[in-house]
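Heads up: the sequence shown begins at 4 in the numbering used here, then just goes up one per residue.
Note that beta-carbon positions come from the ideal geometry of N, C-alpha and C, so glycine has one too.
Presented below is the structure to which this report refers.
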Amino acid sequence: MKFRRRKFLHLAAVAVTLPFASRQVWAQAYPTRPVRVIVGFPAGVAPDIVARVIGQALSERFGQQFVIENRPGAGSNIGTEVVVRAPPDGYTLLLAISSGAINATLYSNLSFNFVRDIAPVAMIGLGPFVMVINPKLPAKTVPEFIAYAKANPGKINMASQGTGLASHLMGELFKMMAGVNLVHVPYAGNFTADLLSGQMQVAFVPITNVIEYIGDGRLRPLAVTTAKRAELLPDLPTLSEFLPGYDATGWNGIGAPRGTPAAIIEKLNKEISAIVRDPAMKTRFITLGVEPLSMTPAEFGKRIADDTEKWAKVIKFANIKAE
4 MKFRRRKFLH LAAVAVTLPF ASRQVWAQAY PTRPVRVIVG FPAGVAPDIV ARVIGQALSE
64 RFGQQFVIEN RPGAGSNIGT EVVVRAPPDG YTLLLAISSG AINATLYSNL SFNFVRDIAP
124 VAMIGLGPFV MVINPKLPAK TVPEFIAYAK ANPGKINMAS QGTGLASHLM GELFKMMAGV
184 NLVHVPYAGN FTADLLSGQM QVAFVPITNV IEYIGDGRLR PLAVTTAKRA ELLPDLPTLS
244 EFLPGYDATG WNGIGAPRGT PAAIIEKLNK EISAIVRDPA MKTRFITLGV EPLSMTPAEF
304 GKRIADDTEK WAKVIKFANI KAE
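Shown next, in the form of structure tokens:
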């Protein structure tokens with residue numbers, strides 16, 4: 004009897020451990036076929052370029068193709084939903100960017116929850132923005148601009164790439180924290196010509212979009228939006244130096260469908276973190292306007308959750324509605 008009981012317990016233990024062991028072996032072999040990386044934007048724009056750089060590096064490291072698939076539309080929500088509905092097997096990934104944290108509140112009819120349904124895999128890097136003004140304005144510093152704006156309420160035009168996009172939300176966060184009244188003027192894309200002409204007076208834009216105009220004096224930079232000073236403009240102060248707690252940074256990372264095995268997520272995180280720490284890749288990313296930054300999946304998940312909460316407050320404060 005004792006023998007049979009011991010044999011039964013042994014078989015039961017094997018039965019319990021086999022699925023775990025098979026998952027571990029499966030994860031160790033991953034990937035055994037091409038992996039899709041969904042980008043919620045058209046080919047050629049900044050997120051797509053970042054995805055192709057990281058995809059090529061992952062292809063070389065894993066010996067399997069990481070294929071970039073563009074699914075633009077609805078502020079990247081279409082691409083995100085493709086990943087949410089995909090099997091959680093590691094073969095469909097998402098280029099997750101900071102707009103996902105904004106869209107969670109901006110769009111009231113989403114069929115998914117970005118924080119709940121996208122598993123954080125790895126951070127790629129931060130996308131620093133810069134607050135620039137037309138040099139016709141008398142302000143040369145952030146305090147001078149705030150004083151000028153308070154003395155001229157409703158007379159300064161703030162351009163953005165569209166309602167609810169990062170360039171808009173960063174400006175609204177500034178307005179909220181500085182207590183100034185700027186007139187938001189959304190564009191369907193590029194507003195640089197009007198900013199250069201003086202028709203628009205201020206904007207919050209990716210550094211790489213305007214660094215040429217900063218260099219030749221056609222635009223005046225006041226501060227970067229990141230919590231720390233940016234490598235592309237190391238001498239420029241941060242907005243948080245004047246408005247404590249201000250941090251409005253774009254970011255790029257990789258996400259996966261909820262339920263993707265932890266072993267696969269950890270394997271991807273290890274390789275992506277190694278890529279972004281590589282000196283040659285760091286230089287390449289910085290030229291694209293991305294400051295490489297590695298995080299654990301848990302750290303990246305906290306960043307997504309914190310940004311979702313922050314932008315929800317801004318969207319509600321400014322009563323912003325998706326167009």
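| Query | Result |
| --- | --- |
| DSSP state of Ala-99 mapped onto helix, strand, coil | strand |
| Cβ neighbours of Pro-90 in the same chain (closer than 8 Å, five flanking residues each side left out) | Pro-260 |
| Sheet register partners of Val-38 (DSSP bridge) | Phe-69 |
| Inter-residue CB distance, Arg-55 and Ile-71 (contact presumed, cutoff 8 Å) | 5 Å |
| For Leu-109 and Gly-167, believed in contact at Cβ under 8 Å, the rounded distance | 5 Å |
| Which of helix, strand or coil DSSP assigns to Arg-223 | strand |
| Pair within 8 Å by beta-carbon distance, Phe-132 and Ile-214 | no |
| Close Cβ partners of Leu-176 (< 6 Å) along its chain, the five nearest in sequence each way excluded | Ala-251 and Val-317 |
| Distance, Val-145 Cα to Pro-34 Cα | 50 Å |
| Asp-219 burial status per 10 Å Cβ neighbour count (16 or more: buried) | exposed |
| Cα-Cα separation, Ser-170 to Tyr-216 | 18 Å |
| Stretch-stretch touch, CB-based, cutoff 8 Å, three pairs: the region 87–101 with the region 34–46 | yes |
| Sub-8 Å separation of Asn-106 and Ser-79 beta-carbons | yes |
| CA-to-CA distance, Met-161 to Arg-287, given in whole angstroms | 31 Å |
| Alpha helix (DSSP H) segments (min. 4 residues) lying fully within the region 244–280 | 265–280 |
| contact_flag[the region 140–154, the region 180–193] where n(CB pairs < 8 Å) is 3 or more | yes |
| 7 Å Cβ shell around Leu-271 - same chain, five flanking residues per side excluded | Val-124, Ala-125 and Ile-257 |
| Pro-121 - DSSP class collapsed to helix/strand/coil | For the record, residue 121 in the displayed sequence is Ile; it is not Pro. The answer is strand: DSSP assigns Ile-121 an E or B state. |
| 4 or more residues per run - each alpha helix (DSSP H) lying fully within the region 129–201 | 145–154, 169–181 and 195–200 |
| Paired residues, beta bridge with Met-203 - DSSP | Beta-bridge pairing links Met-203 to no other residue. |
| Pair within 8 Å by beta-carbon distance, Arg-221 and Leu-239 | no |
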